[in-house]
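Undergrad:
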Amino acid sequence: MSSGAAWQAAVDRDAVGCAMHHLIAELYPICRSITGHGVRETLRVLAREVPLVVHEVPSGTPVFDWTVPNEWNIRDAYVKDSRGERVIDFQQSNLHVMGYSVPIHRTLSLAELRSHLHTLPEHPDWIPYRTSYYRPEWGFCLSDRQLATLGEDEYEVCIDATLAPGHLTYGEYYLPGATTDEVLISAHVCHPSLGNDNLSGVALAAFLARQLGALPRRYSYRFLFIPGTIGAITWLCAHQHDVANIRHGLVLACVGDAGHVSYKRSRRGDAAIDRAVAHVLKHAGGRHDVEDFAPDGYDERQFCSPGFDLPVGRLSRTPHGRFAEYHTSADDLDFVRPAALADSFALCLAVLSLLEHNATYVNQNPKCEPQLGRRGLYRVMGGYQDQLVEESALLWALNLSDGRHSLLDIAERAGMQFESVRRAAELLAAHELLRQNPNPAVP
Amino acid sequence: MSSGAAWQAAVDRDAVGCAMHHLIAELYPICRSITGHGVRETLRVLAREVPLVVHEVPSGTPVFDWTVPNEWNIRDAYVKDSRGERVIDFQQSNLHVMGYSVPIHRTLSLAELRSHLHTLPEHPDWIPYRTSYYRPEWGFCLSDRQLATLGEDEYEVCIDATLAPGHLTYGEYYLPGATTDEVLISAHVCHPSLGNDNLSGVALAAFLARQLGALPRRYSYRFLFIPGTIGAITWLCAHQHDVANIRHGLVLACVGDAGHVSYKRSRRGDAAIDRAVAHVLKHAGGRHDVEDFAPDGYDERQFCSPGFDLPVGRLSRTPHGRFAEYHTSADDLDFVRPAALADSFALCLAVLSLLEHNATYVNQNPKCEPQLGRRGLYRVMGGYQDQLVEESALLWALNLSDGRHSLLDIAERAGMQFESVRRAAELLAAHELLRQNPNPAVP
Amino acid sequence: MSSGAAWQAAVDRDAVGCAMHHLIAELYPICRSITGHGVRETLRVLAREVPLVVHEVPSGTPVFDWTVPNEWNIRDAYVKDSRGERVIDFQQSNLHVMGYSVPIHRTLSLAELRSHLHTLPEHPDWIPYRTSYYRPEWGFCLSDRQLATLGEDEYEVCIDATLAPGHLTYGEYYLPGATTDEVLISAHVCHPSLGNDNLSGVALAAFLARQLGALPRRYSYRFLFIPGTIGAITWLCAHQHDVANIRHGLVLACVGDAGHVSYKRSRRGDAAIDRAVAHVLKHAGGRHDVEDFAPDGYDERQFCSPGFDLPVGRLSRTPHGRFAEYHTSADDLDFVRPAALADSFALCLAVLSLLEHNATYVNQNPKCEPQLGRRGLYRVMGGYQDQLVEESALLWALNLSDGRHSLLDIAERAGMQFESVRRAAELLAAHELLRQNPNPAVP
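Residue numbers (the numbering used here), protein chains in the order written: chain A, 477 to 919; chain B, 477 to 919; chain C, 477 to 919.
1. Thr595(B) and Gly575(B) - do their beta-carbons sit closer together than 8 Å?
2. Where does the unbroken beta strand (DSSP E) through Leu817(B) begin, and where does it stop?
3. Contact between the segment 686-705 of chain C and the segment 661-678 of chain C: three or more CB pairs below 8 Å?
4. My output table needs one value for His498(B): the three-state DSSP class, helix, strand or coil.
5. Restricting to Cα atoms, I'd like to know which of Met477(B), Gln484(B), Glu525(B) and Pro782(B) is closest to Ala495(B).
6. Closer than 7 Å, Cβ to Cβ, to anything on chain A: give me those residues from the segment 533-565 of chain B, in chain order.
7. So with Cβ pairs under 8 Å, would you call Pro771(B) a contact of chain A?
8. Taking the continuous beta strand (DSSP E) assigned at Gln567(A), which residues delimit it?
9. What does DSSP give as the partner residues of Asp765(C) in its beta bridges?
10. Kindly list the residues whose CB is nearer than 7 Å to the CB of Glu801(C), restricted to its own chain and excluding five residues on each side of it in sequence; keep chain order.
11. What does DSSP give as the partner residue(s) for His724(A) in the beta ladder?
12. Which same chain residues end up closer than 7 Å to Gly859(B) when comparing Cβ atoms and leaving out the 5 residues on each side of it in sequence?
13. Would you identify the three-state DSSP class for Leu903(A), choosing helix, strand or coil?
14. Hey, out of Arg743(C), Leu830(C), Leu571(C) and Asp750(C), whose CA is closest to Pro782(C)'s CA?
15. Going by DSSP, name the residue or residues bridged to Leu623(A).
16. Which of the three DSSP states is assigned to Asn913(C) in this structure?
17. Would DSSP call His755(B) helix, strand or coil?
18. Less than 7 Å between C-beta atoms, sequence neighbours within five positions excluded: which residues of the same chain meet that for Gly536(C)?
19. At which residues does the beta strand (DSSP E) containing Phe701(A) begin and terminate?
20. Does the segment 788-804 of chain C touch the segment 757-764 of chain C, meaning 3 or more C-beta pairs lie closer than 8 Å?
21. Could you check whether the Cβ of Gly677(C) sits closer than 8 Å to any Cβ belonging to chain B?
22. Go ahead and label Ala920(C) buried or exposed: buried means 16 or more other beta carbons lie within 10 angstroms of its beta carbon, across all protein chains shown.
23. Is there a Cβ of chain C sitting closer than 8 Å to that of Asp885(B), yes or no?
24. Starting from the beta carbon of Pro782(C), find every residue of chain A whose beta carbon is closer than 9 Å, and list them in chain order.
25. Taking Leu593(B) as the reference, which of Tyr609(B), Arg621(B), Ala748(B) and Tyr610(B) has the closest Cα?
26. Taking buried to mean at least 16 other C-beta atoms within 10 Å of its own C-beta, is Ser585(A) buried or exposed?
27. Ends of the beta strand (DSSP E) at Ala887(A)?
28. Is Cys634(C) helix, strand or coil when you go by DSSP?
29. Flag Leu593(C) as yes if its beta-carbon sits less than 8 Å from any beta-carbon of chain B, otherwise no.
30. Name the DSSP beta bridge partners of Asn549(C), please?
31. Quick one: what's Trp542(A) bridged to in DSSP?
32. Where Ala734(C) and Glu866(B) are concerned, what is the direct C-alpha to C-alpha distance, given to the nearest angstrom?
33. Between Ala501(B) and Leu688(B), what straight-line distance do the alpha-carbon atoms span, to the nearest angstrom?
34. With 16 other CB atoms within 10 Å as the buried threshold, where does Arg850(A) fall?
35. Apply the 10 Å Cβ neighbour rule to Arg813(B) and answer buried if 16 or more other Cβ atoms are within range, or exposed otherwise.
36. Span of the beta strand (DSSP E) holding Leu791(A)?
Okay, here's the thing in structure tokens:
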């Protein structure tokens with residue numbers, strides 16, 4: 477089976493979607509943050525799927541303009557009323573504690589307590605997700621309805637956490653291919669019990685890694701499971717002289733909700749990854765958005781900083797901040813759908829297949845058309861009949877294979893699916909009418 | 477009279493349209509194919525209008541990836557029923573025999589015969605046009621209604637044809653101009669009794685050749701009357717080192733039906749011929765289509781193959797395959813209209829006039845405007861009044877004649893007709909305010 | 477106060493608009509033409525506002541393709557009926573006499589007189605404005621209603637004018653800045669009692685000159701108060717080797733009517749002035765037009781002639797010839813509005829401020845984002861909240877400050893106001909995160 481055929485082999489979407497959702501469900505209860513045991517535990521589970529390497533970077537390590545922070549670990553946290561009942565309980569939901577809260581154990585009046593409580597009045601049943609990584613604070617998050625039940629009382633507040641020198645932990649998996657040219661796939665692993673943001677991206681990256689391992693590969697693939705921002709900065713700082721191999725990249729975030737796909741272009745705007753995703757989405761036919769780069773969002777901010785300017789885009793369904801459930805307890809296991817996960821998985825595979833098989837050919841018979849008929853490549857009768865799509869793809873591939881047009885260029889100009897043009901080109905190459913250009917100017 | 481004025485002189489459209497239609501009617505009964513006496517007879521008639529040279533290329537001659545085929549000639553063909561009546565008769569219509577049918581003389585049952593019969597059920601009164609150039613087959617074409625009248629019987633089938641080494645025949649007419657820069661005009665002559673496809677293109681090329689002979693010419697013109705595909709390949713193979721002179725070109729096909737004009741751009745997409753046709757069509761005001769190049773169609777496929785990539789577009793009215801009558805007996809003398817032929821003729825003349833007179837000038841007084849008033853080129857009163865179009869053309873020609881902008885560039889930027897800008901530039905040149913740039917970067 | 481803050485300081489629009497209108501009212505009665513005392517008197521008044529230098533160029537001086545004409549001065553003019561009553565009286569309106577009329581003193585019948593009378597039948601109460609600079613003629617202009625009252629009679633016609641060697645007069649004011657790079661501001665001063673065309677432009681130039689004198693300036697500014705066409709040609713001829721310093725320029729004409737703003741691009745079409753005006757207008761939010769260059773109009777014709785091709789656009793409200801009052805007595809002091817003048821003034825200041833502060837910076841921390849939080853430049857809490865505009869501008873300025881993008885480039889790509897990006901960049905520069913690129917490729 478050819479590489480193209482192997483990549484195009486059908487995927488059992490139901491099975492993939494369910495398996496991804498199961499993995500998400502297993503990871504969901506873990507209390508993750510940008511450092512600490514939650515990330516380690518998450519990577520331990522992922523290592524079952526993907527033979528990733530776990531890296532530990534000591535607190536205090538300078539990374540560009542930043543410093544790796546102290547490690548935060550939490551055992552328990554609660555607010556008890558004067559009767560000793562836990563009115564806010566970390567054991568119920570790890571969102572109840574503001575991430576990176578400093579340890580505390582005190583008794584406070586309701587008024588004192590209130591300035592440390594965060595709610596979402598517009599969604600009175602949801603618990604918000606809050607953090608304070610770089611300012612020493614403590615806080616609790618709870619539903620607005622829960623807050624309303626708290627009366628005047630003396631409250632015992634306890635956050636049994638440690639914030640002390642340790643490590644920043646991340647996972648990396650390098651899957652070698654035929655060349656050292658790399659595709660980077662990155663997902664942030666620093667959010668606690670939130671499904672779409674970003675256990676969806678973590679699961680998608682893991683399943684892609686497993687799938688790609690079984691496929692023929694021109695590219696090598698590097699998968700990063702890293703804490704957002706500081707993790708990306710830490711990784712880039714350690715690998716700043718190695719990133720020249722990166723040809724294409726995707727940040728995966730919020731890829732499991734029921735909304736349609738949104739792709740955010742790389743800073744370059746016309747990188748092959750940008751064109752490949754747009755092409756696949758356009759021919760997939762459904763609703764989708766392709767947006768220009770902007771310097772906000774997830775770790776594409778770092779990969780696309782001007783000193784790197786890597787060809788890395790971001791794939792999401794409904795992007796962060798545009799769904800009400802974002803950074804709340806409503807971004808739960810129900811919010812993430814197996815069908816949406818499977819669709820994101822299939823889209824990524826199609827995009828990577830395009831990049832794997834994009835090539836530039838040179839017509840070996842460039843003056844006039846070759847005689848396709850005697851090679852069995854042409855309609856036999858010369859009269860009028862419905863033109864086959866395949867014939868049109870053959871003609872386009874022959875006409876534009878002048879060494880300057882990649883298969884994607886040809887597909888775009890012809891308004892045809894990449895796959896049609898690829899199959900045509902491979903057929904023509906098998907008949908020695910095209911020859912692959914080993915050193916095209918464009919990948 | 478200046479060249480511009482000579483080219484703009486009025487054409488008697490009624491007379492031209494009728495004369496073209498008469499020529500088509502004379503050529504219509506001849507049974508043409510890609511080789512054989514039908515093409516020779518056609519060129520003999522055309523030679524009355526245009527002093528063309530007839531070339532004969534032997535069967536078996538290798539031409540790029542192809543070989544010049546055996547010559548096919550047919551004297552008679554029929555299907556007779558058991559009573560000896562011709563139920564299908566080549567003498568009635570040369571479309572009844574599939575082009576390049578191998579000779580046959582046998583008796584067959586209706587069932588055996590049927591697999592060699594072609595009809596058009598969706599147009600039961602029309603005879604389809606079919607060929608089998610490169611696979612040895614035989615066949616008859618007939619109307620679906622005629623087929624229905626054939627009962628069980630023993631049928632005598634006769635195709636009295638020869639398919640044997642001979643020649644491929646084409647006509648070429650070279651009309652020299654002031655320079656060796658060439659305009660190529662090509663029409664395919666390989667179709668039997670079909671009017672629009674392509675006796676319309678043949679007649680248009682012939683009438684253009686005659687008209688251009690009487691006009692002052694910067695360009696030399698090369699007219700090709702060639703069999704489709706194999707004729708173009710044969711000509712290109714013989715002239716592959718001479719085509720560098722070709723500056724502009726048009727394939728003429730299906731130019732006589734009542735539909736609006738369609739122009740198909742060259743592979744380059746922005747060649748001068750592409751811009752010139754688009755400009756003339758836009759300012760002509762009627763409905764028209766300008767389409768991007770695609771590697772299907774007529775001999776633009778060969779002229780625009782990547783090894784040549786010549787600036788050759790295709791002019792049609794309703795393009796092949798988009799009218800129901802295409803490749804059927806309904807593409808007859810009624811389907812081709814004198815008024816449409818005359819309109820195509822006038823359009824070609826306007827396009828060629830633009831290319832002939834497109835030039836780049838250099839303003840001899842480039843700093844500030846020259847004083848047009850003292851040369852009688854300006855409104856005399858300085859106050860407000862309706863600005864004349866001509867004055868605006870003078871100002872545009874002065875402002876953009878910096879040696880980089882051709883008159884077509886200026887007309888496009890000004891949104892004015894090319895003719896207005898040309899007349900303005902020639903007037904300014906007569907006043908020595910502009911001087912023609914003899915060696916512009918762009919033709 | 478920083479330069480940016482100084483330029484952004486609020487302008488009292490009411491006061492500026494009224495002051496400009498007062499200046500216009502003072503200049504309105506003066507009978508100006510392309511030469512003569514009217515221009516001198518006008519410059520004398522302007523010199524009170526702006527320390528301009530008055531230049532006198534002798535009649536007969538050759539200037540490119542033109543010659544400085546004789547000087548025209550008029551003391552009185554009238555048409556008297558046989559009873560000695562002035563039925564047309566220059567003392568009532570200087571529009572009554574055709575500009576540059578040759579002197580005359582004769583008695584004529586009504587029929588003889590009529591061929592020298594100009595009216596506007598479509599606006600029977602308005603007096604048209606007419607000139608005949610380069611053909612020796614004389615004429616009177618009057619309302620159509622006034623013409624109807626003239627009966628058969630002997631009329632004494634007197635134009636007490638001189639047309640004799642003298643000078644062409646113009647005013648120039650050079651306001652030096654930190655560099656010798658220049659901004660050119662030009663307004664024509666050759667029209668008599670017409671408000672919008674062009675006392676509005678004259679007043680706007682004068683008030684800008686005064687305002688700019690009080691502001692920190694990177695650029696030097698050159699203000700021209702010149703007769704239209706011949707004045708621009710005369711100035712350009714004298715300074716043809718000095719214009720290389722001109723980086724940006726605006727012709728100001730018809731900037732006081734109640735219509736919306738129209739900007740006409742320079743011949744280059746994408747000069748910084750073109751982009752700056754379009755940017756300011758777009759973000760100002762109101763209705764406006766930005767039009768491509770065309771070689772008609774005011775002195776942009778000369779500045780943008782191909783031998784100069786200066787980056788000079790034209791700012792107007794309703795452009796010349798598109799308002800009924802154009803070149804008639806209805807273009808009076810009522811037609812020019814203080815609010816419109818003030819709006820044009822504010823627009824010019826905003827555009828000039830953009831050009832003054834447009835700069836290219838280089839990110840000093842280009843690999844990954846800098847840690848804004850520890851510099852107090854970031855939202856303190858890491859959770860979700862409304863993103864501040866300022867933060868977005870910081871991120872854009874950091875991401876695109878790679879030495880290739882100017883602040884205007886960044887603002888355009890970000891879809892943000894220039895001012896937001898400028899403030900962000902200056903804040904980042906104050907924190908040494910950006911450094912200005914002293915020699916950017918683009919200004």
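Using N, Cα and C, we set each Cβ at its ideal position, and we do this for glycine too. If you're wondering where the values come from, they're calculated on a predicted model, not measured in any experiment.
TA: Put simply:
1. Not a contact, by the Cβ cut-off of 8 Å.
2. No beta strand (DSSP E) holds Leu817(B); the alpha helix (DSSP H) holding it covers Pro814 to His833.
3. Contact holds: three or more Cβ-Cβ distances are below 8 Å.
4. Reduced to three states, the DSSP call for His498(B) is helix.
5. Minimum Cα distance to Ala495(B) is reached at Glu525(B).
6. Within the segment 533-565 of chain B, those residues whose Cβ lies closer than 7 Å to any Cβ of chain A are, in chain order, Phe540, Asp541 and Trp542.
7. At least one chain A Cβ lies under 8 Å of Pro771(B).
8. It is not in any beta strand (DSSP E) - Gln567(A) carries neither H nor E in the DSSP assignment.
9. Ser738(C), per the DSSP bridge assignment.
10. Result list for Glu801(C): Asp807 and Phe811, in chain order.
11. Note: His724(A) is bridge-paired with Val659(A) in the DSSP secondary-structure output.
12. Model confidence at Gly859(B) stands at a pLDDT of 39, short of 50, so the residue's coordinates are unreliable and nothing is read from them.
13. Three-state result, Leu903(A): helix.
14. Distance check between Pro782(C) and each of Arg743(C), Leu830(C), Leu571(C) and Asp750(C) places Arg743(C) closest, using alpha-carbon atoms only.
15. Looking at the DSSP assignment, Leu623(A) forms no beta bridge with any residue, so it has no partner.
16. In this structure, Asn913(C) counts as coil in the three-state DSSP scheme.
17. Taken through DSSP and simplified to helix, strand or coil, His755(B) comes out as helix.
18. By the criterion of a C-beta distance shorter than 7 Å, Gly536(C) is surrounded in its chain by Thr543, Val544 and Pro641, once the five residues flanking it on both sides are discounted.
19. Going by DSSP, Phe701(A) is part of the beta strand (DSSP E) stretching over Ser696 to Ile702.
20. Taking a contact to require three or more Cβ pairs closer than 8 Å, the segment 757-764 of chain C and the segment 788-804 of chain C do not qualify as touching.
21. No, its Cβ sits nowhere closer than 8 Å to a Cβ of chain B.
22. No statement about residue 920(C) is possible, as the shown extent of chain C runs from 477 to 919 and does not include it.
23. No Cβ of chain C is located within less than 8 Å of the beta carbon of Asp885(B).
24. Listed by position along chain A, the residues whose Cβ is nearer than 9 Å to that of Pro782(C) form an empty set, because the closest Cβ is around 34 Å away.
25. It is Arg621(B) whose Cα lies nearest to the Cα of Leu593(B).
26. With fewer than 16 other Cβ atoms from the protein chains shown falling within 10 Å of its own Cβ, Ser585(A) counts as exposed.
27. Ala887(A) -> not in any beta strand (DSSP E); alpha helix (DSSP H) instead, spanning Leu883 to Ala890.
28. In the structure shown, Cys634(C) sits in a strand (DSSP, three-state: E or B).
29. No - not a single Cβ of chain B is within 8 Å of the one on Leu593(C).
30. DSSP lists Thr638(C) as the beta-bridge partner residues of Asn549(C).
31. Answer by DSSP bridge pairing, in chain order: Val539(A).
32. Between the C-alpha atoms of Ala734(C) and Glu866(B) there is a straight-line separation of about 32 Å.
33. If I take the Cα positions, the gap works out to 23 Å.
34. Residue environment for Arg850(A): exposed (fewer than 16 other C-beta atoms within 10 angstroms of its C-beta).
35. Buried, since its Cβ has 16 or more Cβ neighbours within 10 Å.
36. First-last of the beta strand (DSSP E) with Leu791(A): Val788 to Ser792.
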